[in-house]
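Chains A and B supply the protein sequences, listed in that same order.
All the letters of the first sequence, read from the start, carry residue numbers 1 to 456 under my numbering.
All the letters of the second sequence, read from the start, carry residue numbers 1001 to 1194 under my numbering.
Let me begin by presenting the structure, written as structure tokens, before commenting on it.
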Amino acid sequence: MGEDGESTKINHSFLRDYVTEADVISTVEFNQTGDLLATGDKGGRVVIFQRETQVSYGSGLLTKGEIEELGESGEYNVYSTFQSHEPDFDYLKSLEIEEKINKIRWLPQQNAAHFLLSTNDKTIKLWKVSERDKRPEGYNLKDEEGRVKDFSTVTSLQVPVLKPTDLMVEVRPRRVFSNGHTYHVNSISVNSDGETYLSADDLRINMWHLGITDRSFNIVDIKPANMEDLTEVITAAEFHPKHCHLFVYSSSKGTLRLCDMRASALCDKHSKIFEEPEDPGNRSFFSEIISSVSDVKFSHSGRYLLTRDYLTVKVWDLHMEKGPIETYQVHEYLRSKLCSLYENDCIFDKFECVWNSTDSVIMTGAYNSFFRMFDRETGRGVTLEAWRESSKPRAVLRTRRVYTGGRRRRGDVGVDSLDFTKKILHMAWHPDENIIAIAATNNLYIFQDRVNPETQ
Amino acid sequence: MSQPQTETMDVSTEAKRIMVHALGKMYTLRTQRGGLRLHRSLLITLVMKSARDIYHSCRIASEQLQEQANFTGVTTESCQTGTDPAGVPRNVDSTPAVKTEVTDNCPKTDVQSDPLYHNSGAYSEDKENQSYTSPDRQSRKRHGKAAVEPDFLPCKKAKMEAVDVRRNGALRATCCGVKDSLTHIPISRGIVSF
């Protein structure tokens, strides 16, 4: 792009922005086995990647066991692409409904087909992803193209046979859960019972049955009688990974509420509330904005919660409500820049956070294409970069550093040189292995740990 | 004497800048695709409110500093119980301790004590726009943010309501916390109609 002449530069950048806005990835999710990876984008499309289980090596193919032994992890290739949501219009309120996919969640696999839920601001859809690699041939009344044969030419009967064909992946919508939300849906979460799921918007959380689309239960409603009394909104919600009666939701005030559906039908009253008292020394104009929780995730064990607010990630123990057990600074150097981050709207960015499979490492995104991993045992954090220019395929990622004082090393990036348009908001960690998927604007990066492919 | 004043001015300028940006963002939100984002509107509103509280308390603090500079011989006691230029008696609840706290700590102001201030401060500021401020739950009218910032936007409030509010405000021992002040944050009409 740097070669363009001055006169064409403007046009090109306009086109580039226009074209790629729809390609910006808005959600990333592995399925329960990690063989499939789904991404959703702002244009309402879903792209599913599948991990290769056959790797050619030398003169033959390796089995999955051999692949793992050699440390050759299969790569992810595009498996299927489909348009999940289209732009919509609410005629009653004269509001456009964006087609951007806010979240994708896979259902546990029960048969040969895969099912996933995808949602935009208003509507949740259940999709069935199935493979077809055989087709019947030899119909009596139809020819190969499907045209009806002239019956006078049919002199004998044949039994149609299934012949192998090229693999075809079919994706069909099986359920559409609409009209459940007045406000914008920010989360969906599949219950461990395998039958229900929740969807949360700014003020309400609904519970749906996967088979029933015309009805849902409202389980949380924090809408005040007078909207002028509004002080907080729901920012994320998730079911407990093991207990089907428990779920958690986070708020814009930085609190987490654990609710037990056995207690009552409407879970406005929380069973537990997790909040950390504010540090008065850190108070500023923007304290409320930066304390808003942008993501909450249960650990795989179900014992801990991971939350992300603007400057930190915190680990909470479900047994301790008075504060997090661990706090990690993601980019504390931004604390003095909050005013300019507010002016350019970056302070409203919602970062996600993820656990690794053994709950020993946590990861979250930052700016300048950086993302951070924290080892919970040592408490140490590392900064990595998801940027094509600085890493070739199969090259080892080197750690990066933001220069905040002290001795400056080569490769350190100054705080003022950070590119705030390159933000890592969405990411996913493979459920069993050390494979991570990072969404950087319209690019998807998949990194694998070759040294320790299996998490210990 | 001038240093606290400059500090106050800096914070006040920053607060004003933040408010201007907040207003711009609120307007942009309304035209954005996908409808009004409630979460973002709320956060912007909270920032606007913090900035507004601090802006007012800084203005009062700087006015006080000026008063103290003018009336050097007078004790602080009489300064506090005296009426402000607009003729509205200062709120009885404004204790000396609270006042000095704000004067000294303007940059890191305690938001809890501010509403006490900005109530009386707002009265003294601008007679026309006094319809805003007090946590007047009886009034169902939405008090526009415009009322708070007369120098940016035109005020649309009628004077009649201002008189009623002032009376109510004076009668009540205002002890509104951060939460109460939020009753006056006008979230978009569209949301209220849901």
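Note that beta-carbon positions come from the ideal geometry of N, C-alpha and C, so glycine has one too.
For residue 446(A), the closest C-alpha among the options 310(A), 384(A), 237(A), 91(A) is that of 384(A).
Among the bridge pairs identified by DSSP, residue 105(A) is matched with 117(A). 9 angstroms or more divides the Cβ of residue 198(A) from the Cβ of residue 223(A). Residue 281(A) and residue 290(A) have their C-alpha atoms some 14 angstroms from each other.
When DSSP states are grouped into helix, strand and coil, residue 241(A) belongs to the coil group.
Going by beta carbons, residue 220(A) and residue 244(A) fall outside the 9 angstroms limit. If you check each beta-carbon in the region 1037-1062 of chain B against every beta-carbon of chain A, the ones closer than 8 angstroms belong to 1037, 1038, 1039, 1040, 1042, 1043, 1046, 1047, 1050, 1051, 1054.
When Cβ pairs closer than 8 angstroms are counted between the two stretches, the region 297-316 of chain A is seen not to touch the region 1063-1072 of chain B, the count staying below three. Taking a C-beta distance under 9 angstroms as the contact criterion, residue 411(A) and residue 398(A) qualify as a contact pair.
Judged by DSSP secondary structure, residue 1042(B) falls within the alpha helix (DSSP H) whose first and last residues are 1038-1070. Taken atom to atom, the span from the alpha-carbon of residue 42(A) to that of residue 23(A) is near 6 angstroms.
In this structure residue 116(A) does not touch residue 124(A) by the C-beta definition: roughly 11 angstroms separates them, more than the 8 angstroms allowed. Close CB contacts of residue 174(A) within its chain, under the 6 angstroms cut and outside five residues either way in sequence, are with 126, 128 (chain order). Closer than 9 angstroms to the CB of residue 1015(B) there is at least one CB belonging to chain A. Below the 7 angstroms Cβ cutoff, chain A contributes 96, 98 as neighbours of residue 1033(B), in chain order. DSSP, reduced to helix, strand and coil, places residue 97(A) within a strand of the structure shown.
DSSP, reduced to helix, strand and coil, places residue 346(A) within a helical segment of the structure shown. Chain B has a Cβ within less than 9 angstroms of the Cβ of residue 339(A). Ranked by Cα distance from residue 182(A), the options 166(A), 206(A), 162(A) are led by 206(A). Burial is judged here by how many other beta carbons sit within 10 angstroms of a residue's own beta carbon; residue 196(A) has at least 16 and is buried. The bridge partners DSSP lists for residue 367(A) are 423(A). Sequence-distant Cβ neighbours of residue 362(A) in its own chain, meaning closer than 8 angstroms and more than five residues away, are 306, 313, 315, 328, 353, 354, 355, 356, 373, 374, 376.
Neighbours of residue 235(A) across chain B, judged by C-beta separation under 8 angstroms: 1039. Using beta-carbon distances, residue 186(A) counts as an interface residue toward chain B, with a partner under 9 angstroms. Per DSSP, reduced to three states, the secondary structure at residue 1030(B) is helical. Contact with chain B is absent for residue 420(A), since none of that chain's Cβ atoms lies less than 9 angstroms from the residue's Cβ. Shortest Cα-Cα distance from residue 432(A) to any of 448(A), 422(A), 438(A) involves 448(A). Assigned with DSSP and collapsed to three states, residue 288(A) falls in helix. Within the DSSP secondary-structure output, residue 328(A) pairs in a beta bridge with 313(A). With contacts defined as CB atoms closer than 9 angstroms, residue 302(A) and residue 241(A) qualify as a contacting pair.
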